[in-house]
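Numbering-wise (UniProt numbering), the sequence shown opens with residue 1 and increments by one. All residues carry an ideal CB built from backbone N, CA and C; glycine is no exception. To start, the structure itself, in structure tokens.
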Amino acid sequence: MMITPVHRFRDIERTPEYLQPEKCVPPPSLPSLGTMWFIRDGCGIACAVVTWMLVFYADFVVLLVMLVPSRDYVYSVINGTLFNTLAFLALASHFRAMLTDPVRAVPKGNATKEFIESLQLKPGQVVYKCPKCCSIKPDRAHHCSVCKRCIRKMDHHCPWVNNCVGENNQKYFVLFTMYIALISLHALIMVGFHFLYCFEEDWTKCSSFSPPTTVILLILLCFEALLFLIFTSVMFGTQVHSICTDETGIEQLKKEERRWAKKTKWMNMKAVFGHPFSIAWLSPFATPDQGKADPYQYVV
């Protein structure tokens, strides 16, 4: 248990009696290791499906409109392999960000009389309680109204991955934004070259589709790629800045006073992507070794 002074307003109760544990139901049994984390939110599920559909649409246009009809075999193979590799990594990162428990989630309803007594609080000590999910909050935890529970080091809830971005899945979210930005930039470059090629050659020979259909498909891809390039680049930069400063988006928005140890930017990066630095930082399949930090460290 970590003893710290209290400098900001939160749901604070100074003695166990004021926690009103009789209003809290006992928490459900902890899920087994094989249980999949998935948020059943209609809006989030729809956004996640749209994300995958947009990536598949981009892949369709890149392959069947631009690369397959190309006479340059080497150009088609290199760009097709590169684009599909980046798209695969983007979707894999999205999958991991969506299905990873962002914080080894704080149990709901653990502010029961039995649990409070087990903390062996001393007179004058302070505990944080969330009145919404009836949980005793670990340090730096915030309640998510979509996930309906407290998330430690919660940066924000992203509907595009249908999950909160927290300390356990922030790596996958950062990789997702990075790979989406890269395939968007790659698609824009290929669209530009393809338009130049079609203007110089016969439009009927630069695509398997009719010229009007080709133009419409390319314009839609160009609009999609430009939009997502701007959006994901901003998100990627924001996330990297948040990691380096060790301040979540919510903490920055609320201007919460820092009450945790300050570390170097490199240490903060390794805390998210794993120890030590390796090519695994770029892999959505490598689970970062973040040590054995206890998510149930209570500030008292």
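Contact holds between the stretch 236-245 and the stretch 174-188, because three or more Cβ pairs, one in each stretch, are under 8 Å apart.
Beta-bridge pairing by DSSP links N163 to C158. Beta-bridge pairing by DSSP links H143 to C150. Comparing alpha carbon positions, the residue from A286, F38 and P288 closest to P159 is F38. Using a C-beta cut-off of 8 Å, the stretch 50-69 makes contact with the stretch 85-97, since at least three inter-stretch Cβ pairs fall below that distance. Less than 8 Å separates the beta-carbon of L89 from that of P284. The continuous alpha helix (DSSP H) containing K265 extends over residues K265 to F273.
When rounded, the separation of the alpha-carbon atoms in L185 and E257 is 38 Å. Y75 and M267 have their C-alpha atoms some 41 Å from each other. Annotation for V127: the continuous beta strand (DSSP E) segment containing it runs V127 to C130. Here the C-alpha atom of V127 lies approximately 20 Å from the C-alpha atom of A261. Bridge partners of S135 according to DSSP: C130. By the criterion of at least three beta-carbon pairs nearer than 8 Å, the stretch 59-77 is in contact with the stretch 213-221. Looking at A187, T213 and H142, the one whose alpha-carbon comes closest to that of E167 is H142. A46 counts as exposed, since fewer than 16 other C-beta atoms from the protein chains shown sit within 10 angstroms of its C-beta. Here D59 carries a helix assignment [DSSP, helix/strand/coil]. Taking each of I189, C150 and F56 in turn and checking the Cα distance to K137, the smallest one comes out for C150. Between P69 and S208 the beta-carbon gap is near 5 Å, inside 8 Å, which marks them as a contact. Shortest Cα-Cα distance from M154 to any of V165, V146 and V161 involves V165.
DSSP places I180 in the helix class (H, G or I) of the three-state scheme. Counting of Cβ neighbours within 10 angstroms places G44 among the buried residues, the total reaching 16 or more.
If you ignore the 5 residues before and after F228, its C-beta comes within less than 7 Å of the C-beta of I180 and S184, all in its own chain and listed in chain order.
The beta carbon of V61 lies closer than 6 Å to those of L217 and L221 in the same chain, with the five residues before and after it left out. The residues M66, L218, L221, C222 and A225, in chain order, have a CB closer than 8 Å to that of V191 in the same chain once the five nearest residues on each side in sequence are set aside. Of Q170, L253, H241 and K132, the smallest CA-CA separation from K148 is found for K132. Relative to A187, the option among W281, K263, L82 and I279 whose CA is nearest is L82.
Leaving aside the five residues that flank F193 on each side, none in its chain has a CB nearer than 8 Å to its CB. Between E251 and A48, the alpha-carbon positions lie close to 26 Å from each other.
Rounded to whole angstroms, the Cβ separation of V146 and D41 is 5 Å, and the two are in contact under 8 Å. Cβ neighbours of N84 within its own chain (closer than 7 Å, five residues either side excluded): D59.
The DSSP assignment places no complete beta strand (DSSP E) segment of no fewer than 3 residues inside the stretch 218-257.
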